[in-house]
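What follows is a set of notes on a single structure, which appears directly below.
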Amino acid sequence: MCRVLAYIGPEIPLENLLLKPENSLINQTLDPERHPQLQLAGWGFGAWSEHLLAPEKPFLYHRPMAAFYDDNVEGIVPSLQVNTMLAHVRAADYNAKTVLTDENCHPFSYMGTPWIVAQNGDMPHWQILQRELLQHCKDEYLEQMAGNTDTEFLYVLLLSLLESDSDEDVKRAFEEMLRLIVKAMEDLDLQALVKLKMALVAPNRIVGVNVGTGHHGETEPEGDWRELRKSGPGTDDYALAMLLEPMYMLMGRDFHTDKAVYEFENCNEEEATSVIFASEPLTDSTDEWSTLEFGEIVFLERDGDSITRTVDKLKV
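What the sequence shown shows, in numbering that gives the first Met the number 0, is residues 0 to 315, in sequence order.
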C-alpha cells in the first residue's frame, strides 16, 4: 500500500519534512522500509500556513507520477513553510487497470469540511460494495467525487457519517463506517482483508486510525505481525501482517534542521510542541517513536504551544 506523513506544530520549511531527511517521504518512493513495492503511482500533499493568502484553506498539490520524477519538487516544496501538513505517496498494482491521474492522488479535500484525508490502505471489491454503502452517502459529497479510488469513496462515506468535528463524533463515525463495511461484505458475500490506516487532518489537528478486517471479514484478526511478515510478500500471512502492524508517532519540540534526519529536541510529552504521524518510522532508531496499534484511534491537537494526544480503542 501507500505511505502517509502528517505534521502539526510551529511553522517549519516543508522541505524539512518531505525532502531533507534520509528516510523522507520522497525517498520512500524508491526505498520504503515497510512495504514491498515501489511507490510509483503518484504523490501529493495538503498544507496550511499562516503565510498563505488563504491561511484557513489547505494548499493542495498532486502529481500522478513517482515523486522523484516530479520536476516541481525542488521548485515548489522549498518555497513553502507549514504548521499543518498531510503528504502521501501512492502505491498501486503494476497493471494497466491502475489509473494515474491527479484526481486519484491523495490527499483528498472537499468543500464543506475542514478535513482532508490520505491513507495507507485497501478495500477490495469497493465498487460492488457501493451497492450497499451508497445509501449512507450524502449527495453534497458524492457530487464532489472526481476519481475512482477506494480511499476517496471512503472519504465520502466518512464525511456523510460525521455529525460534528468533535473527537467523540469522529470516533463514532469511524466505528460506524467499519460496521457498515462489514455488513455490506456479509450481505454480498464478499468478505476480504480490508486495511484502513488513515490520517484525517484539519488545521492543528490529526486523527490517525489503524483498523480493518481480516481475510474473512473478522474485525479482530489475530497474529504477531513481525512473525507473519517472515512469510514474504504475496502470501496471505504477509498481507495480514501489513494489516496488523502499527502506525507511528514522534513527539517533541524544536525540530532539528541541521541533520538529515527526523529529530526533535528530547522532552517529555507535556513539553512537546510538534508531532509527526506516519505509516512507518522515519529514522533508523525507532526508540523515540510511539505506536498506534491495530484497532486504535489517536487524536493529536495543537493548542497554543502544546500538543495533546489521546489514544482510544475503536469498538466495532
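Just so it is clear, CB atoms sit at the ideal spot from N, CA and C, and this is done for glycine as well.
CA-CA distance, residue 80 and residue 151?
In the sequence shown, counting from the first residue as 1, residue 80 sits at position 81. In the sequence shown, counting from the first residue as 1, residue 151 sits at position 152. Between residue 80 and residue 151, the C-alpha separation is close to 27 Å.
Can we say the segment 287–300 touches the segment 227–238, given the rule of at least three CB pairs closer than 8 Å?
The count of Cβ pairs closer than 8 Å, one atom from the segment 287–300 and one from the segment 227–238, stays below three, leaving the stretches out of contact.
Return the chain-ordered list of same chain residues with a C-beta closer than 6 Å to the C-beta of residue 200, the five sequence neighbours on each side being excluded.
To locate residue 200, count along the sequence shown from 1; it is residue 201. Counting only Cβ-Cβ distances below 6 Å, and skipping sequence neighbours, we find 5, 85 and 115.
Cβ-based burial, residue 250 [other Cβ within 10 Å; buried from 16]
Mapped onto the sequence shown, residue 250 falls at position 251. So residue 250 counts as buried.
Helix, strand or coil at residue 100 [DSSP, three-state]:
Along the sequence shown, one-based indexing puts residue 100 at 101. In the displayed model, residue 100 falls within coil according to three-state DSSP, outside both helix and strand.
What residue from 280, 313 and 302 has the CA that sits closest to residue 22's CA?
For the purposes of this step, residue 22 is identified with residue 23 of the sequence shown, where counting begins at 1. Of the candidates 280, 313 and 302, the residue whose Cα lies closest to the Cα of residue 22 is 280.
From 157, 10, 24 and 241, residue whose alpha carbon lies closest to that of residue 89
What you label residue 89 is simply residue 90 of the sequence shown in a count that begins at 1. Residue 24 is the option with its Cα nearest to residue 89.
In this structure, does DSSP put residue 267 in helix, strand or coil?
Taking the first residue of the sequence shown as position 1, residue 267 is located at position 268. Three-state DSSP puts residue 267 in coil, outside helix and strand.
What residues are listed by DSSP as bridge partners for residue 2?
The residue labelled residue 2 in the question sits at position 3 within the sequence shown. Per DSSP, 88.
C-alpha distance - residue 10 paired with residue 205, whole-angstrom precision
Your numbering for residue 10 matches position 11 in the sequence shown. Your numbering for residue 205 matches position 206 in the sequence shown. Whole-angstrom Cα-Cα distance: 16 Å.
Note down, one range per segment and in chain order, each beta strand (DSSP E) of at least 3 residues found wholly within the segment 226–262.
Segments of the beta strand (DSSP E) lying fully in the segment 226–262: 246–251.
With the cut-off set at 8 Å, would you say residue 276 and residue 207 are in Cβ contact?
On the sequence shown, residue 276 is found 277 positions in, with the first residue counted as 1. On the sequence shown, residue 207 is found 208 positions in, with the first residue counted as 1. Between residue 276 and residue 207, the CB-CB gap stays under 8 Å.
Meets three-Cβ-pair contact criterion under 8 Å: the segment 155–166 and the segment 213–226
Short answer: they don't touch.
Confirm, please, whether the CB-CB distance from residue 247 to residue 309 is below 8 Å.
Position 310 of the sequence shown, counted from the start, is the residue given in the question as residue 309. Position 248 of the sequence shown, counted from the start, is the residue given in the question as residue 247. Taking 8 Å as the Cβ cut-off, residue 309 and residue 247 do not qualify as a contacting pair.
Taking the alpha-carbon of residue 245 as reference, which of 105, 262, 294 and 272 has the nearest alpha-carbon?
To locate residue 245, count along the sequence shown from 1; it is residue 246. Among 105, 262, 294 and 272, the Cα nearest to that of residue 245 belongs to 294.
Run of the alpha helix (DSSP H) containing residue 159, from where it starts to where it stops:
Translated into the one-based positions of the sequence shown, residue 159 becomes position 160. 149–160 is the span of the alpha helix (DSSP H), which, as asked, contains residue 159.
Given residue 236, which residues of its chain have a CB within under 7 Å of its CB, disregarding the five upstream and five downstream residues?
The sequence position of residue 236 within the sequence shown is 237, counting from 1. In chain order, 227 and 230 place their CB closer than 7 Å to the CB of residue 236, counting only its own chain and leaving out the 5 sequence neighbours on each side.
Cβ-Cβ distance between residue 318 and residue 112 below 8 Å
Here the chain has residues from 0 to 315 only, and residue 318 is not among them.
May I have the straight-line CA-CA distance separating residue 269 from residue 263, to the nearest angstrom?
In the sequence shown, counting from the first residue as 1, residue 269 sits at position 270. In the sequence shown, counting from the first residue as 1, residue 263 sits at position 264. Rounded to the nearest angstrom, the two C-alpha atoms are 14 Å apart.
Nearest to residue 8 by CA position, among 315, 302, 174 and 139, is which residue?
Counted from its first residue, the sequence shown places residue 8 at position 9. For the options 315, 302, 174 and 139, the alpha carbon positioned closest to that of residue 8 is the one of 302.
Between residue 253 and residue 265, what straight-line distance do the alpha-carbon atoms span, to the nearest angstrom?
As a position in the sequence shown, residue 253 is number 254, starting the count at 1. As a position in the sequence shown, residue 265 is number 266, starting the count at 1. Whole-angstrom Cα-Cα distance: 9 Å.
Candidates 141, 315, 272 and 154, of which the one nearest residue 304 by Cα
Residue numbering aside, residue 304 sits at position 305 when the sequence shown is read from its first letter. In this structure, 272 is the residue among 141, 315, 272 and 154 with its C-alpha nearest to the C-alpha of residue 304.
Is residue 188 helix, strand or coil when you go by DSSP?
Against the sequence shown, residue 188 aligns to sequence position 189. The three-state secondary structure of residue 188, taken from DSSP, is coil.
Delimiting residues of the beta strand (DSSP E) encompassing residue 300:
Numbered from 1 along the sequence shown, position 301 holds the residue referred to as residue 300. Residues 295–302.
Within 10 angstroms of the Cβ of residue 82, are there 16 or more other Cβ atoms? Answer buried if so, exposed if not.
In the sequence shown, counting from the first residue as 1, residue 82 sits at position 83. Note on residue 82: 16 or more other CB atoms within 10 angstroms of its CB, so buried under the neighbour-count rule.
Inter-residue CB distance, residue 109 and residue 140 (contact presumed, cutoff 8 Å)
The residue given as residue 109 occupies position 110 in the sequence shown. The residue given as residue 140 occupies position 141 in the sequence shown. Yes, they are in contact, since the Cβ atoms of residue 109 and residue 140 sit about 6 Å apart, within 8 Å.
Taking DSSP as the reference, what is the three-state secondary structure of residue 10?
Start at 1 with the first residue of the sequence shown, and residue 10 comes out as number 11. The answer is strand: DSSP assigns residue 10 an E or B state.
Can you have a look at residue 238 and say buried or exposed, based on whether 16 or more other CB atoms are within 10 angstroms of its CB?
As a working note, residue 238 is residue 239 in the sequence shown. So residue 238 counts as buried.
To the nearest angstrom, how far is the alpha carbon of residue 292 from that of residue 209?
Position 293 of the sequence shown, counted from the first residue, corresponds to residue 292. Position 210 of the sequence shown, counted from the first residue, corresponds to residue 209. So the alpha carbons of these two residues sit roughly 7 Å apart.
Just the Cα atoms here: how many angstroms apart are residue 191 and residue 131?
Against the sequence shown, residue 191 aligns to sequence position 192. Against the sequence shown, residue 131 aligns to sequence position 132. Within the model, the alpha-carbon separation for residue 191 versus residue 131 is close to 16 Å.
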